[in-house]
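Here the structure comes first, spelled out in structure tokens, and everything after it is commentary.
There are 2 protein chains.
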Amino acid sequence: MALYVKKFGGTSVASVAHIQRVADKIIEDKETGHDVVVVVSAMGKETDRLVSLSEEIDYRGNGASRELDVLLSVGEQVTISLLSLVLLKRGYQAESFLGRQVKISTDSSHNKARIVDIDTKEIQKKLENGVLPVVAGFQGEDERGNITTLGRGGSDTTAVALAAALGADECQIYTDVQGIFTTDPRVVENARRLERITFEEMLELASLGSRVLHTRAIEFASKYRVPLRVASSFDTGPGTLITYEEKSMEAPIISGIAFEGDEAKLTILGVEDVPGIASAILGPISESGIEVDMILQNISADMSTDFTFTVNRDDYSQAMEILTKVSDQLGAREVSGDNRIAKVSMVGVGMRSHAGVASKMFEALAKESINIQMISTSEIKISVVIDEKYLELAVRTLHAAFDLEE
Amino acid sequence: MALYVKKFGGTSVASVAHIQRVADKIIEDKETGHDVVVVVSAMGKETDRLVSLSEEIDYRGNGASRELDVLLSVGEQVTISLLSLVLLKRGYQAESFLGRQVKISTDSSHNKARIVDIDTKEIQKKLENGVLPVVAGFQGEDERGNITTLGRGGSDTTAVALAAALGADECQIYTDVQGIFTTDPRVVENARRLERITFEEMLELASLGSRVLHTRAIEFASKYRVPLRVASSFDTGPGTLITYEEKSMEAPIISGIAFEGDEAKLTILGVEDVPGIASAILGPISESGIEVDMILQNISADMSTDFTFTVNRDDYSQAMEILTKVSDQLGAREVSGDNRIAKVSMVGVGMRSHAGVASKMFEALAKESINIQMISTSEIKISVVIDEKYLELAVRTLHAAFDLEE
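In structure tokens, the structure reads:
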């Protein structure tokens with residue numbers, strides 16, 4: 192008898208027929224004797240439809256964010272009602288709950304609210320009475336009774352937060368993939384589904400482009416030590432369990448390979464190597480709303496240094512314009528850039544105790560004559576920047592070199 | 192400086208363009224210096240869309256009505272958000288309110304809840320601070336925090352109840368007609384818009400087929416003496432003011448002519464004239480869900496009597512089947528019926544003190560050789576049942592005979 196929080200995303204509840212299949216998954220667990228709390232997103236393209244209605248008005252000034260939350264929270268409300276009706280019809284005592292009815296209290300940052308507290312008393316009581324609670328993801332209520340929404344990946348966050356508050360045995364995120372793979376199966380055909388992965392690895396993979404789970408939900412799960420499972424809502428496989436590192440767990444050296452195309456790099460050469468130089472360069476970039484990914488600064492010579500960072504390709508020309516101005520102000524020698532690069536990253540907790548990973552990686556790439564333009568490492572990750580045309584080849588080469596296939 | 196509650200129905204807010212026009216109406220009053228509270232329905236066919244989603248599941252058992260309310264209340268939530276955004280963009284300090292946020296407390300009769308209380312403190316405070324509240328019609332909350340909906344005509348009821356609770360100067364219902372007319376302008380071209388009409392007259396007209404306002408909203412307005420105005424959301428006319436009868440008001444003899452086609456009458460002849468006979472006949476009819484309109488029983492002869500009632504034409508054959516069974520049980524002489532009848536009703540408070548109305552009506556119809564099959568009267572109404580083919584002719588004849596034209 193375990194307690195599972197099961198979360199189903201938009202593609203899993205895109206129609207009444209889809210919702211029927213979701214009900215199958217839920218009923219399976221109930222029939223095995225488990226307690227289940229369900230969290231759902233808005234149906235398929237429903238949120239897009241609501242957003243486009245608001246875009247017809249196109250107002251972003253004072254008060255807009257509050258009203259947008261009133262609008263956007265509607266999508267999940269429809270799904271909880273329909274799923275509850277389906278479960279009721281099948282003879283299960285389901286009951287829908289809005290964010291406020293679960294008592295998901297948030298701050299007042301509309302469109303990107305943070306959960307402050309969850310009062311699980313009501314849900315606990317319902318569970319004791321055999322009720323199957325169906326909870327609207329993505330939404331909460333601030334202390335003045337306003338509807339709030341949690342921003343991107345909000346329903347995942349709701350599920351994890353609920354699982355943490357209820358002390359659930361697992362938070363199960365159902366999506367349109369079979370789990371977390373050693374790399375993208377569209378690039379490497381024999382990529383392998385991982386049985387387990389640590390939160391740290393998952394965080395590195397999520398932020399590097401394996402967009403299965405939102406970073407925020409993983410952080411939340413990690414912080415509250417909620418075992419997180421990612422599985423397919425269209426299949427019966429067990430998916431991947433994301434959990435904290437156990438001592439007994441024989442960690443593989445490398446868990447997976449993440450990659451990201453559509454990147455661009457910019458370099459400012461020969462700037463004075465003094466304190467504050469990094470923020471003088473990156474300040475104007477981030478103020479303009481451009482997100483910076485990798486940042487590299489190598490050793491300096493002659494009191495001057497070179498400074499490189501990467502951005503999304505779409506932001507390349509704007510970033511270049513800003514950087515050129517900054518270069519003039521700082522009296523730098525030169526500005527250069529390349530908008531045809533890609534990033535490949537190897538992730539694994541086993542890497543910590545295994546110094547040979549980096550050299551093995553570089554050697555494998557060299558064998559295929561793939562030149563490495565930049566290198567950056569963290570505790571459990573090595574990233575390299577290469578010419579974009581070698582991206583698929585690099586991923587396949589590394590996948591084979593580290594025996595990640597099935 | 193008056194306070195107006197302005198309510199806009201589904202056709203008035205069918206698109207963002209429509210909502211822009213609704214904003215014009217609201218702003219006009221604000222600019223004149225009035226305080227305004229807005230109540231809106233769901234956009235156009237939105238409620239139909241939601242209902243059809245639930246019909247795909249088709250579950251009506253235990254718990255269904257609660258979940259349906261969760262689903263159906265979504266429509267109004269979308270509208271309040273969009274209208275608030277439009278008003279904000281135009282520089283007005285609008286703010287949306289769900290039923291529960293206004294504190295519209297209802298009983299727990301899902302799908303047809305009754306308003307128990309409205310706590311106007313919050314809205315009053317907002318009005319004092321110059322806020323323009325935009326309230327979701329049709330919805331409330333029961334004492335356990337469940338969403339409830341008010342059933343048919345629910346948004347009108349919300350508007351009237353709010354106007355009563357706030358002590359508003361007028362509750363203005365905007366719809367797709369110019370106001371209340373002496374009769375249907377599609378039948379009588381020169382039908383005249385009424386400046387004023389009493390609640391009693393309006394109730395008779397509403398229940399007789401002038402489907403502009405829901406009976407329940409009129410009853411509510413009448414009970415709490417809220418002046419009610421019906422006007423067009425697509426035009427600038429003043430509409431019709433529905434108000435309680437004032438002594439100073441020179442009441443016209445006849446205010447309007449209502450009519451209803453698609454009716455059928457059923458008669459059971461020669462039943463024993465004893466106490467309980469009416470319920471013995473009508474009980475089985477109403478138990479089967481058929482709504483009965485007129486009921487007539489004339490004097491009896493030889494200890495037996497004849498009993499006639501009318502139903503909607505769609506229910507005719509089912510009603511006839513039931514009545515035939517009842518007839519056998521009661522040992523009645525005969526059952527007869529006619530499914531090609533129509534009802535024409537003249538309504539007016541002036542009628543009370545003017546005995547000549549009935550004879551003038553009958554005379555006008557006789558002149559056109561229209562035979563009267565049944566007659567039924569109330570304090571302020573005379574209804575006749577005639578052959579359906581004469582319906583338009585009868586309405587036009589009476590409209591002219593009583594000088595109702597423009």
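As given, the protein sequences belong to chains D and V, one line each in that order. Mapping to our numbering: the first sequence position 49 is 240, numbers consecutive. Mapping to our numbering: the second sequence position 313 is 504, numbers consecutive. Glycine included, each C-beta is placed from N, C-alpha and C at the ideal position. The structure displayed is predicted, hence computed values, not measured ones.
Original post:
In terms of DSSP beta bridges, what is D:T431 paired with?
Top reply: Looking at the DSSP output, D:T431 sits in a beta bridge with D:V421.
Original post:
According to the neighbour-count rule (16 or more other Cβ atoms, all chains shown, within 10 Å of its Cβ), is V:I217 buried or exposed?
Top reply: Its Cβ being crowded by 16 or more others within 10 Å, V:I217 is buried.
Original post:
With C-beta atoms as the reference, is V:G370 less than 8 Å away from V:G430?
Top reply: Their beta carbons are under 8 Å apart, which means V:G370 touches V:G430 by this criterion.
Original post:
For the region 553 to 582 of chain D, which residues have a beta carbon sitting closer than 7 Å to at least one beta carbon of chain V?
Top reply: Taking 7 Å as the upper bound on Cβ-Cβ separation, chain V lies near no residue of the region 553 to 582 of chain D.
Original post:
Taking DSSP as the reference, what is the three-state secondary structure of D:I217?
Top reply: D:I217 falls in the helix class under three-state DSSP.
**OP:** Consider the Cβ of V:A255: report whether some Cβ of chain D lies at a distance smaller than 8 Å.
**Re:** Cβ-Cβ to chain D under 8 Å: yes for V:A255.
**OP:** Could you round the C-beta distance between D:L274 and D:V196 to whole angstroms and report it? I think they count as a contact, below 8 Å.
**Re:** D:L274 to D:V196, Cβ: 14 Å. No contact.
Original post:
Sorted by chain position, which residues of the same chain lie with C-beta nearer than 8 Å to V:A408's C-beta, five sequence neighbours on each side aside?
Top reply: If we look at V:A408 and ignore the five residues flanking it on each side, its Cβ neighbours are G344, D347, T348, A350, V351, I364, L419.
Original post:
Using 8 Å as the Cβ pair cut-off and three pairs as the minimum, do the region 218 to 226 of chain D and the region 386 to 399 of chain D touch?
Top reply: Segments in contact, no.
Original post:
Using the beta-carbon of each residue, which ones in chain D are nearer than 8 Å to V:Y415?
Top reply: Per Cβ cutoff of 8 Å: no residues; V:Y415 is ~27 Å from chain D at best.
Original post:
What separation, rounded to the nearest whole angstrom, lies between the Cα atoms of D:E559 and D:V535?
Top reply: Here the alpha carbon of D:E559 sits roughly 15 Å from the alpha carbon of D:V535.
Subject >> Amino acids of chain V, ordered along the chain, whose beta-carbon sits closer than 8 Å to that of D:S275 >> reply: Counting only Cβ-Cβ distances below 8 Å, D:S275 has contacts in chain V at G254, E258, V261, in chain order.
Original post:
Assuming V:F498 contacts V:I459 under a Cβ cut-off of 8 Å, what Cβ separation, rounded to an integer in Å, is found between them?
Top reply: Approximately 5 Å separates the beta-carbon atoms of V:F498 and V:I459; this is inside 8 Å, confirming the contact.
Original post:
What are the boundary residues of the alpha helix (DSSP H) that includes V:I472?
Top reply: Boundaries of the alpha helix (DSSP H) harbouring V:I472: 468 to 478, taken from the DSSP string.
Original post:
With a CB to CB cut of under 6 Å and the five nearest residues on each side skipped, what residues in its chain are close to V:K572?
Top reply: Correct list, in chain order: E395, S536, V538.
**OP:** Please report how far the alpha carbon of V:S413 lies from the alpha carbon of V:I338, in whole angstroms.
**Re:** For V:S413 and V:I338, the distance between alpha carbons rounds to 27 Å.
**OP:** Taking only heavy atoms of the ligand ADP into account, decide whether any of them is closer than 7 Å to the Cβ of V:E219.
**Re:** The ligand content of the structure shown is nil, which means the ligand ADP is not present either.
**OP:** Return no unless some Cβ of chain D is closer than 8 Å to the Cβ of V:Y250.
**Re:** Yes, contact with chain D.
Original post:
Closer than 8 Å, CB to CB, is V:V227 near chain D or not?
Top reply: No - not a single Cβ of chain D is within 8 Å of the one on V:V227.
Original post:
Which chain D residues sit within Cβ distance under 8 Å of V:L353?
Top reply: Within chain D, no C-beta atom comes less than 8 Å from the C-beta of V:L353; the nearest is roughly 18 Å away.
Subject >> Selected residue, minimal CA-CA separation from D:R281, among V:L278, V:V417, V:Q284, V:R251 >> reply: Distance from the Cα of D:R281 is smallest, within the candidate group V:L278, V:V417, V:Q284, V:R251, for V:R251.
Original post:
How about the region 195 to 209 of chain D and the region 373 to 380 of chain D: do they share at least three Cβ pairs that are nearer than 8 Å?
Top reply: No, because fewer than three Cβ pairs between the region 195 to 209 of chain D and the region 373 to 380 of chain D fall closer than 8 Å, the two stretches do not touch.
Original post:
Opposite D:L323 in the DSSP bridges: which residues?
Top reply: DSSP lists D:A285 as partners of D:L323.
Subject >> Distance, D:K236 Cα to D:S243 Cα >> reply: Spanning the two alpha carbons is a distance of roughly 11 Å.
**OP:** Kindly list the residues whose CB is nearer than 8 Å to the CB of D:G224, restricted to its own chain and excluding five residues on each side of it in sequence; keep chain order.
**Re:** Cβ within range, chain order: M192.
**OP:** Confirm, please, whether the CB-CB distance from V:L276 to D:A255 is below 8 Å.
**Re:** Between D:A255 and V:L276, the C-beta spacing is below 8 Å.
**OP:** Could you check if V:I271 is buried or exposed, using at least 16 other CB atoms within 10 Å of its CB as the buried criterion?
**Re:** So V:I271 ends up on the buried side.
Subject >> Opening and closing residue of the alpha helix (DSSP H) in which V:I248 lies >> reply: From DSSP, the alpha helix (DSSP H) with V:I248 extends over 237 to 248.
**OP:** Return the first residue and the last residue of the beta strand (DSSP E) that D:I490 is part of.
**Re:** Boundaries for D:I490: no beta strand (DSSP E) harbours it, and the DSSP string shows neither H nor E there.
**OP:** Please name the residue in D:V228, D:S287, D:S470 whose C-alpha comes closest to that of D:L609.
**Re:** In this structure chain D extends from 192 to 597, so residue 609 of chain D is not present and cannot be described.
Original post:
Do you know how far the Cα of V:Q268 is from the Cα of D:D226?
Top reply: One C-alpha to the other measures close to 32 Å.
Original post:
Is the CB of V:Q292 under 8 Å away from at least one CB in chain D?
Top reply: Answer yes: the Cβ-Cβ gap between V:Q292 and chain D drops below 8 Å somewhere.
Original post:
Can you give the Cα-Cα distance for V:R504 and V:E454, rounded to whole angstroms?
Top reply: Going by the C-alpha atoms only, they are around 5 Å apart.
Original post:
For D:A352, which of helix, strand or coil comes out of DSSP?
Top reply: The answer is helix: DSSP assigns D:A352 an H, G or I state.
Original post:
Around the Cβ of V:Y435, are there at least 16 other Cβ atoms within 10 angstroms (buried) or fewer (exposed)?
Top reply: By the 16-neighbour rule on beta-carbons within 10 angstroms, V:Y435 is exposed.
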